[in-house]
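Beneath this line is the structure, given in structure tokens, with notes to follow.
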Amino acid sequence: MRAGGGDAPLGHGIEASDEATHGAAVASNPRGYSLSIWEFLLNKYVEQMVNYCTAGSNSSLHDVLESLVNLVNEKEQHILQLENKLDYVCAQLSDYKEKHIAHDKRHKDKRLEDEKYKSRTYCTLFFECVLKRRQKLCLIQEEKCKSRKCCTLFWLMEQLSC
Numbered sequence: 251m252r253a254g255g256g257d258a259p260l261g262h263g264i265e266a267s268d269e270a271t272h273g274a275a276v277a278s279n280p281r282g283y284s285l286s287i288w289e290f291l292l293n294k295y296v297e298q299m300v301n302y303c304t305a306g307s308n309s310s311l312h313d314v315l316e317s318l319v320n321l322v323n324e325k326e327q328h329i330l331q332l333e334n335k336l337d338y339v340c341a342q343l344s345d346y347k348e349k350h351i352a353h354d355k356r357h358k359d360k361r362l363e364d365e366k367y368k369s370r371t372y373c374t375l376f377f378e379c380v381l382k383r384r385q386k387l388c389l390i391q392e393e394k395c396k397s398r399k400c401c402t403l404f405w406l407m408e409q410l411s412c
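Now the structure itself:
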């Protein structure tokens with residue numbers, strides 16, 4: 251028989267020792283149960299419900315935590331993939347830059363050679379014009395030189411020594 255006599259259940263597995271410790275000298279209700287027993291049972295029920303809800307919350311929190319850990323791992327993998335792609339693109343960019351520098355150097359060298367060739371050609375043409383002009387002057391003025399070559403070479407050496 252249950253403590254206090256009567257048909258009403260005392261709660262979820264409450265022992266007589268629990269009733270004795272929590273409801274000893276408290277006024278009784280009309281059925282003979284002490285108020286502290288009901289208070290104890292209500293507290294016990296609330297505690298069990300809190301534990302149940304906490305366990306449910308904990309399991310759902312564990313599920314959320316696990317899904318967040320998986321999401322973090324996926325993001326880390328994505329970051330690693332992006333880093334690898336960045337390294338590849340940087341290597342390509344470096345190669346393109348080196349090729350561009352080499353091409354630019356070849357282009358500058360070719361342009362310099364072209365300029366040198368043009369300068370030599372212009373100088374040669376200029377000296378030929380100067381020599382021909384001098385030859386004509388030698389013929390016109392009938393200088394004392396016996397040959398035109400001598401006169402032209404003499405004049406050219408005078409011009410270069412200045």
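The opening residue of the sequence shown carries number 251 in my numbering; numbering runs sequentially from there. For every residue, glycine included, the Cβ atom is placed at its ideal position computed from N, Cα and C.
Distance between Lys335 and Tyr346, taken at the CA atoms: about 16 Å.
Spanning the alpha carbons of Gln342 and Glu326 requires a straight line of approximately 24 Å. If you draw a straight line from the Cα of Leu381 to the Cα of Glu365, it is about 24 Å long. Our two residues, Ser317 and Asn323, have alpha carbons roughly 10 Å apart in a direct line.
The beta carbon of Glu363 sits closer than 8 Å to none of the beta carbons in its chain outside the five residues before and after it.
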